[in-house]
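Visitor: Quick one: the structure is below, questions incoming.
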Amino acid sequence: MTDDIPFDKTFDLAPGRVEEVAPGVRRILCDNPSPFTFKGTVSYIVGRGRVAIIDPGPDDERHIAALLDAVRGETVTHIFVTHTHRDHSPAAARIKAATGAVTVAEGPHRPARSLNIGEAKRLDASADTDFRPDMPLPDGEAVSGAGWSLAGVATPGHTANHMAFALGGTDLLFCGDHVMAWSTPVVAPPDGAMSDYMASLRKLAGRIETVYFPGHGGAVRDAPRFVERYIRHREGREASILRRLDKGAADIPTLVRAIYIGLDPRLTGAAGLSVLAHLEDLVARGIVTADGEPSIAATYRLGSG
Ligand SMILES: [Zn+2]
């Protein structure tokens, strides 16, 4: 399924080590590896002297200390957050308390749609609902610091409030979890929405930045072409769902077994949610019907009912 995307899984940064990845851009890895976070969350430091931090990471004692150590003798003026998942935003509170920096993000956490029964708890597990940006950033607007500016590029899909940041005067984009070199991200309702996600990919495919720095793993090179592959990959997954439904009605576990061959068992739940994200989109477009509301437990069939 994924051999159509030229994934790059090389990423050898040791946790806590500061590395300059581009002029005026440093990165530092948090030691929170998992099937969803790869080697862990990557935080970025932009500028010199008076700097911005992008995605301070989880509420992790060692990572927060390493980040503050990395900017010793400098002033942190801004903390940017790409989205409010617990591996990206919670450290903002303590870094703000330590530095007096202003937090910048698209907005607080919100689901992509109203919740079905039983979904509130799942949302709680991954979302940082405490984070509220001091400075909500509208799409396309920039924040300028000392020798740098970062423009918000609204990229909903992975979460409703997901925002990438384009570094002014360069062809660099800090893309959070929207695009990653090593894997595709989970697009899981109710945080995420497939129609938004695809629209955000198409938006990035038309932009000029060629190098993306993601929230996990190494840089994405030749980014517009990589994003085109991502789009085709999701279209391929949608086609697989439709092919399976063409053989008859199916529930989500059946579709996951049919579509994800050789899946890491730890990712079965996430794969089910990704399939749900596709099905919600297909139901909204009138291509598929669900018995009742589209949900993780529903059965789906082809046709507009
Ligand atoms: Zn993440």
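Residue 1459 in my numbering sits at position 167 of the sequence shown; the count goes up by one each step and never skips. Note that beta-carbon positions come from the ideal geometry of N, C-alpha and C, so glycine has one too. For clarity, every value in this text was computed on a predicted model and none was experimentally measured.
What span of residues does the alpha helix (DSSP H) with Thr1546 cover, start to end?
Guide: The residue given as residue 1546 occupies position 254 in the sequence shown. Per DSSP, Thr1546 is one residue of the alpha helix (DSSP H) stretching across Ile1544 to Ile1551.
Visitor: CA-CA distance, Pro1428 and Gly1399?
Guide: On the sequence shown, residue 1428 is found 136 positions in, with the first residue counted as 1. On the sequence shown, residue 1399 is found 107 positions in, with the first residue counted as 1. Distance between the alpha carbons of Pro1428 and Gly1399: 5 Å.
Visitor: Check the DSSP bridge columns for Tyr1336 and list the partner residues they point to.
Guide: For the purposes of this step, residue 1336 is taken as the residue at position 44 of the sequence shown. Note: Tyr1336 sits in a beta bridge opposite Arg1319 and Ile1346.
Visitor: Enumerate, from N- to C-terminal direction, the unbroken alpha helix (DSSP H) stretches of 4 or more residues contained entirely within the stretch 1422-1486.
Guide: none
Visitor: Looking at C-alpha atoms only, which residue of Ile1356, Phe1299, Lys1301 and Arg1342 is the closest neighbour of Val1310?
Guide: Here the question's residue 1310 lines up with position 18 in the sequence shown. Among Ile1356, Phe1299, Lys1301 and Arg1342, the Cα nearest to that of Val1310 belongs to Ile1356.
Visitor: For Ile1371, write down the residues that DSSP places opposite it in a beta bridge.
Guide: Mapped onto the sequence shown, residue 1371 falls at position 79. Answer by DSSP bridge pairing, in chain order: Ile1345 and Thr1395.
Visitor: In terms of residue numbering, what span does the beta strand (DSSP E) encompassing Pro1506 cover?
Guide: In the sequence shown, counting from the first residue as 1, residue 1506 sits at position 214. Taken as a continuous stretch (DSSP letters only), the beta strand (DSSP E) holding Pro1506 covers Val1503 to Pro1506.
Visitor: Val1575 to Gly1584, Cα distance in whole Å?
Guide: Counted from its first residue, the sequence shown places residue 1575 at position 283. Counted from its first residue, the sequence shown places residue 1584 at position 292. Each residue's Cα considered, the two are about 11 Å apart.
Visitor: Could you please give the first and the last residue of the uninterrupted beta strand (DSSP E) stretch that includes Glu1311?
Guide: Start at 1 with the first residue of the sequence shown, and residue 1311 comes out as number 19. For Glu1311, the enclosing beta strand (DSSP E) has its first and last residue at Val1310 to Ala1314.
Visitor: Is Thr1391 near ligand 1, with its Cβ less than 7 Å from a heavy atom?
Guide: As a working mapping, residue 1391 is identified with position 99 in the sequence shown. Because no heavy atom of ligand 1 lies under 7 Å away, the Cβ of Thr1391 does not count as near it: no.
Visitor: Measure the beta-carbon distance from Thr1591 to Ala1550 and round it to whole angstroms, keeping in mind my assumption that it falls under 8 Å.
Guide: Here residue 1591 corresponds to residue number 299 of the sequence shown, with the count starting at 1. Here residue 1550 corresponds to residue number 258 of the sequence shown, with the count starting at 1. Not quite, the Cβ-Cβ distance comes to about 14 Å (not below 8 Å), so this is no contact.
Visitor: What separation, rounded to the nearest whole angstrom, lies between the Cα atoms of Ser1436 and Arg1364?
Guide: Against the sequence shown, residue 1436 aligns to sequence position 144. Against the sequence shown, residue 1364 aligns to sequence position 72. Spanning the two alpha carbons is a distance of roughly 21 Å.
Visitor: Contact between the stretch 1460-1467 and the stretch 1482-1489 is defined here as three or more beta-carbon pairs at a separation below 8 Å; is this criterion met?
Guide: Because the criterion of three Cβ pairs below 8 Å is not met, the stretch 1460-1467 and the stretch 1482-1489 do not touch.
Visitor: Roughly how many angstroms separate the alpha carbons of Lys1388 and Glu1366, rounded to a whole number?
Guide: One-based indexing of the sequence shown puts residue 1388 at position 96. One-based indexing of the sequence shown puts residue 1366 at position 74. So the alpha carbons of these two residues sit roughly 14 Å apart.
Visitor: In chain order, what residues of the same chain lie with their CB nearer than 6 Å to the CB of Arg1386, ignoring the 5 residues before and after it?
Guide: Numbered from its first residue, the sequence shown carries residue 1386 at position 94. Excluding sequence neighbours, Arg1386 sits near Ile1356.
Visitor: Drop a sphere of 10 angstroms on the beta-carbon of Pro1557, count the other beta-carbons inside from all chains shown, and report buried for 16 or more, exposed for fewer.
Guide: In the sequence shown, counting from the first residue as 1, residue 1557 sits at position 265. Pro1557 should be labelled exposed.
Visitor: Note down, in chain order, each residue of its chain lying with its Cβ closer than 8 Å to the Cβ of Phe1457, except the 5 sequence neighbours on either side.
Guide: Walking along the sequence shown from the start, residue 1457 turns up at place 165. Here the set comprises Ile1346, Phe1372, Thr1374, Leu1442, Ala1443, Gly1444, Val1445, Leu1465 and Phe1466.
Visitor: Please report how far the alpha carbon of Glu1520 lies from the alpha carbon of Thr1476, in whole angstroms.
Guide: Position 228 of the sequence shown, counted from the first residue, corresponds to residue 1520. Position 184 of the sequence shown, counted from the first residue, corresponds to residue 1476. So the alpha carbons of these two residues sit roughly 13 Å apart.
Visitor: State yes or no: is the C-beta of Asn1453 within less than 8 Å of the C-beta of Arg1499?
Guide: The residue given as residue 1453 occupies position 161 in the sequence shown. The residue given as residue 1499 occupies position 207 in the sequence shown. Contact flag unset, no.
Visitor: Nearest-angstrom Cα distance between Gly1392 and Glu1312?
Guide: By 1-based counting over the sequence shown, the position of residue 1392 is 100. By 1-based counting over the sequence shown, the position of residue 1312 is 20. CA-CA distance, Gly1392 to Glu1312, rounds to 24 Å.
Visitor: Look up Tyr1592 in the DSSP assignment and give the residues it is bridged to.
Guide: For this step, residue 1592 is matched to residue 300 along the sequence shown. DSSP lists Ala1542 and Ala1582 as partners of Tyr1592.
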